[in-house]
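First up is the structure itself, then whatever we jot down about it.
Number of protein chains: 2
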Amino acid sequence: MQLDERKYLILQAIIDDYILTAMPVGSRTISRKSGVGYSPATIRNEMSDLEELGYLDQPHTSAGRVPSNKAYRLYVDHLMKTVKLTSDERERMQDHLVAKSKQVEGVIRSAAGVLSDATKYTSVIVAPKLSTLRIKHVQLVPVADRLALMVIVTNAGIVKDAVISVPEGMTADELYAVSRTLTEKLADKPLEAVRQAFAELLRNAEYNRKLLGETLQVIEKRLEAGGDASDVIVGGPANMLEYPEYSDVSKARNFLAVLESKDTLRKLLSRDGSMEISIRIGPENQLPALNDCSIVTASYRVGDHSSGTLGIIGPTRMNYNRVISVLEFMGRALSDVLSEYR
Amino acid sequence: MQLDERKYLILQAIIDDYILTAMPVGSRTISRKSGVGYSPATIRNEMSDLEELGYLDQPHTSAGRVPSNKAYRLYVDHLMKTVKLTSDERERMQDHLVAKSKQVEGVIRSAAGVLSDATKYTSVIVAPKLSTLRIKHVQLVPVADRLALMVIVTNAGIVKDAVISVPEGMTADELYAVSRTLTEKLADKPLEAVRQAFAELLRNAEYNRKLLGETLQVIEKRLEAGGDASDVIVGGPANMLEYPEYSDVSKARNFLAVLESKDTLRKLLSRDGSMEISIRIGPENQLPALNDCSIVTASYRVGDHSSGTLGIIGPTRMNYNRVISVLEFMGRALSDVLSEYR
DNA sequence: TGTTAGCACTCAACAGCATCGAGTGCTAAC
DNA sequence: GTTAGCACTCGATGCTGTTGAGTGCTAACA
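Taken in order, these protein sequences are the chains called A and B.
Counted the way our numbering counts, the first sequence spans residues 1 to 342.
Counted the way our numbering counts, the second sequence spans residues 1001 to 1342.
Here it is as structure tokens:
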């Protein structure tokens, strides 16, 4: 059996209705809808077919139908008609985004807030992979006797800083001199090229080898591992509680627990390098606790490279239309803010 | 009617039991407890008196009794016997705390985590008031053409940094020179004395007045307002969901909403300068949404001054004993980490 | 006079049962 | 191919009776 025009129409009507109400949809409801000119009985026949084909589920015999994950998949791939954001909305989002500091973490934090506000779902943003950034400036600031703060400024802005230990008795002036050398050698290099640059630096080192070595190590560590917890940022964690899917406290707890594990989140949001929207529905995201959630992700760029991920986690019956529009817009906006960086 | 020995004993037994079970306590339950040698009937008479005196509430006629807020007040003021943490626990907490970077925010973040883990409640920590800190080092790092990152290192560690705008065409070397001047003049001054120091600097300014002026402004702004959102940090927000008091989703939502408003939290945790533990029970905290929560707070020092607040928010029937012990210990530990700062 | 046993009473929680109604599947007529 | 009609299903709702934890009161006891 194949899906004909009418089946598509009815399936779409069911999904649209279910996204709105979260209640099983009956044949009468669909029949009454404008654009569907059939009686409940006809709809019922079609629904029965759709159930057999795996697009609908029936919670119990005398209830309406509920879209299956397969239906959502079909919906996002073929049925969905995209809606535009109003220019008003766009402006508001843009405004909230740029009115923040030039620090990468700050920008991302505000972006996560904007995302969750605009969608009423939970948003997650992964900070730019350091490997895609270019160094503009490196500076060591003395902090204590044997400690210095390393600030790395990249083309995306200020990257979170790290404290490194330095040799005893190093003065502020000496640290500054080292900083100058570092900046000189590393400026405009992608972080990936840091290794070679450092090797060279170490060969004809005027300054303490150990210091340079440690600095290199720190940069490298951040480069590969993807850094510490703070580079996965969650917006509107409590939004999910608004939906009847999570009126069960223990479910809500599980959900919040997932949000607290930054590693899990990073894995959940990982994606290939393409700039396209990716949608994972229900079990497709491989995490039992999120079995009735969908995750929609997009990429943002810094400079020329695809660099980080922004995403929305919501119930499988989420408003995919709107979420996609918002993510696309915010992906571009975020790319702009982090790239065109003045 | 006055409270005699026996009434104290019974009241304490009731509170202890209720804290454990969150279920109305009956006379038989108390009677069976070791240390109470009376029959249920006697207990009932006493309970009746205690209810009349306002220490107990009865949800309905045939239910047991529940401690009133007045009872909790009496309990924490007089009845409670303090328990010690095991040295094992202390060590574990200490370990988790110190194994972190030297940045104030990082230390506080990890402290909040330790607190919420140790108590199973939600923890909140307010970052040190800048006015109590002493400057050790100020440095401007070039970020873009007309922007610089100002890093302030204090006796507590690295204070969150701010981006300020600088005059066009300022080189890194010039910025460094300004930084040196700033550091020289401000070193070891409390942030409060910054104003005078700056006035002096401005009078015989070798470097650009505008830059110095703006830098001063930034420092001052952070000094008075108490800074931005990131200096109130919440640990274990989802812990509250474990308690039957919050099995109602809408209650849980309200609670989480409070945690998202950093301003409200800062007000909730405000306290006089003393180092003593403060306990606010139920309505005492003036916030309807937290009417059946208690808030226990303690202070920590940086150097010689009382400087910031750490607190626990939990149900009114929380384990005050343990919470107080944990807060006292962590207050000291946090003071040490931030003060003895090597 | 303080303590306790006994007893009638109260009331939330729970299980059982009938009712209701939204929704279905099937059949027959259009 | 479409639709009206109808019997059927089953969760939700509400009513009822039962149970049991817990109380207050009274009277007996030490």
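Backbone N, C-alpha and C define an ideal beta-carbon position, used for all residues, glycine too.
Any idea what DSSP makes of Gln-286 (chain A), helix, strand or coil? coil
Do Val-126 (chain A) and the ligand GDP come close, with the Cβ less than 7 Å from some heavy atom? The model on display carries no ligand, and the ligand GDP is accordingly not part of it.
Taking only beta-carbon positions, decide if Gly-1226 (chain B) is within less than 8 Å of chain A. The predicted position of Gly-1226 (chain B) is uncertain, since its pLDDT is 48 and thus under 50; no value can be drawn from it.
Go to His-137 (chain A), then tell me how far its beta strand (DSSP E) extends in each direction, as first and last residue. 135-144
Distance, Leu-265 (chain A) Cα to Ala-1333 (chain B) Cα: 32 Å
Val-234 (chain A) vs Val-124 (chain A) beta-carbon contact at 8 Å: yes
Using the beta-carbon of each residue, which ones in chain B are nearer than 7 Å to Pro-128 (chain A)? By Cβ distance, chain B contributes nothing, its closest Cβ being about 16 Å from Pro-128 (chain A), past 7 Å.
Which chain A residues sit within Cβ distance under 7 Å of Val-1302 (chain B)? Chain A residues near Val-1302 (chain B): none, gap ~14 Å exceeds 7 Å.
On the three-state DSSP scale, how would you describe Thr-1183 (chain B)? helix
Could you check whether Ser-1294 (chain B) and Ile-1277 (chain B) sit closer than 8 Å to each other, using their CB atoms as the reference points? no
Extent of the continuous alpha helix (DSSP H) to which Leu-147 (chain A) belongs: Premise fails: Leu-147 (chain A) lies in the beta strand (DSSP E), 147-154, not in any alpha helix (DSSP H).
Could you check which residue in B:Val-1104, B:Pro-1040, B:Tyr-1075 has the C-alpha nearest to that of Val-1232 (chain B)? B:Val-1104
Is it true that the CB of Val-302 (chain A) sits closer than 8 Å to the CB of Leu-133 (chain A)? yes
Output needed for Val-1098 (chain B): all residues of its chain with C-beta closer than 7 Å, excluding positions within five of it in sequence on either side, in chain order. Val-1337
Is the CB of Glu-1276 (chain B) under 8 Å away from at least one CB in chain A? no
Could you have a look at His-305 (chain A) and say whether DSSP puts it in helix, strand or coil? strand
DSSP on Ala-1013 (chain B), reduced to helix/strand/coil? helix
How about Ile-1015 (chain B): is its C-beta nearer than 8 Å to some C-beta of chain A? no
Report all residues from its chain with a CB closer than 8 Å to the CB of Glu-1051 (chain B); omit the five preceding and five following residues, and keep chain order. Asp-1057, Gln-1058, Arg-1065
With 16 other Cβ atoms within 10 Å as the buried cut-off, status of Gly-227 (chain A): Note that Gly-227 (chain A) scores a pLDDT of 46, beneath 50, so its modelled location is shaky; the value from the coordinates is reported in the next line. The residue in question, Gly-227 (chain A), is buried, as its Cβ has 16 or more Cβ neighbours within 10 Å.
To the nearest angstrom, report how far apart Gly-311 (chain A) and Ala-1148 (chain B) are at their CA atoms. 31 Å
Under 7 Å between beta-carbons, which chain B residues line up against Pro-142 (chain A)? List them in chain order, please. His-1137
Tell me whether the beta-carbon of Tyr-941 (chain B) lies closer than 8 Å to the beta-carbon of Lys-1033 (chain B). Only positions 1001 to 1342 of chain B appear in the structure, and residue 941 (chain B) is not among them; the question remains open.
Is the shortest distance between the beta-carbon of Leu-1149 (chain B) and the beta-carbons of chain A less than 8 Å? yes
Closer than 8 Å by C-beta to Pro-67 (chain A): which residues in its own chain qualify, once you throw out the five before and the five after it? Chain order, please. Leu-11, Ile-14, Ile-15, Tyr-18, Tyr-55, Leu-56, Asp-57, Tyr-75, Arg-317
Out of A:Asn-291, A:Ala-298, A:Gly-273, A:Lys-267, which has the shortest C-alpha to C-alpha gap to Ile-279 (chain A)? A:Ala-298
So which residues on chain B does Arg-247 (chain A) lean against when the C-beta distance must stay under 8 Å? Correcting the residue identity first, residue 247 (chain A) is Ser in this sequence and not Arg. Result: Val-1249.
For Arg-1317 (chain B), does the three-state DSSP call read helix, strand or coil? coil
Taking 8 Å as the cut-off, decide whether the C-beta atoms of Val-1151 (chain B) and Val-141 (chain A) are in contact. yes
Does Val-163 (chain A) get closer than 8 Å to chain B when you measure Cβ to Cβ? yes
Mind pulling the chain B residues with CB within less than 9 Å of Tyr-121 (chain A)? Within chain B, no residue comes near Tyr-121 (chain A); the closest Cβ sits about 15 Å away, beyond 9 Å.
Closer than 9 Å by beta-carbon distance: list the chain B residues that pair up with Ala-156 (chain A), in chain order. Correct list: empty, because the minimum Cβ distance to chain B is about 11 Å.
Just the chain A side, please: which residues come within less than 7 Å of Gln-1094 (chain B) by C-beta, in chain order? Within 7 Å Cβ-Cβ: nothing; Gln-1094 (chain B) doesn't reach chain A, min ~20 Å.
Tell me whether Leu-20 (chain A) is buried or exposed, calling it buried when 16 or more other Cβ atoms sit within 10 Å of its Cβ. exposed
Between the Cα of Asp-145 (chain A) and those of A:Ile-135, A:Pro-167, A:Ala-63, A:Lys-267, spot the shortest distance and give me the residue it belongs to. A:Pro-167
Measuring only between beta-carbons, confirm whether Tyr-176 (chain A) sits less than 8 Å from chain B. yes
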